[in-house]
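A quick write-up on the structure given underneath.
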Amino acid sequence: MAEVFTWPVRLEASGTATFAVRAAQFGDGYRQTSADGLNSKRQSWNVSRVGKQALIRQIADFLDAHVGRSFLWTPPLSTQGYYQCTGYNSVAHGADNYTLSATFEQHFQP
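Under this note's numbering, the first residue of the sequence shown is numbered 597, with each subsequent residue one higher.
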């Protein structure tokens, strides 16, 4: 069972949904389209979290432990699903304050 990413992210998280669509173009200008596969919608979310070093380290440790592995996460306006993170960015602001930014990409499990 996949572990759950439990830390809340900033309210400014932005998401993108892309659709897999099959299309057939006919000579008379008619175009026929349909969803491609069972999981034709895929989401990608840019997320960030501001916090003290201990909190940001916990999140970074979680992401480090899930390199190439999916984890469960519930994005805004959606339901819980499997996501992966291929990297993250950390910024030190001083006075023990940090920002961690990452992109979570939706993946599907059989």
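Beta carbons are placed, not taken as given, at the ideal position from N, Cα and C, and that holds for glycine.
How would you write the range of the alpha helix (DSSP H) that A620 sits in, first residue to last? Note, A620: premise wrong, no alpha helix (DSSP H); beta strand (DSSP E) at 617-621.
Could you tell me whether the Cβ atoms of Y679 and H703 are closer together than 8 Å? yes
Return the first residue and the last residue of the beta strand (DSSP E) that L668 is part of. 667-669
Got a sec, what are the start and stop residues for the alpha helix (DSSP H) A656 sits in? 649-661
Among the residues of its own chain, which have a CB less than 8 Å from the CB of S644, if the five just before and after it don't count? V605, R606, E608, A609, T695, L696, S697, A698
Where the beta strand (DSSP E) containing F601 begins and where it ends: Unbroken run through F601: none, as it is neither H nor E.
Proximity below 8 Å, CB of A619 to CB of Q639: no
Coarse secondary structure for Y626, derived from DSSP in three states: coil
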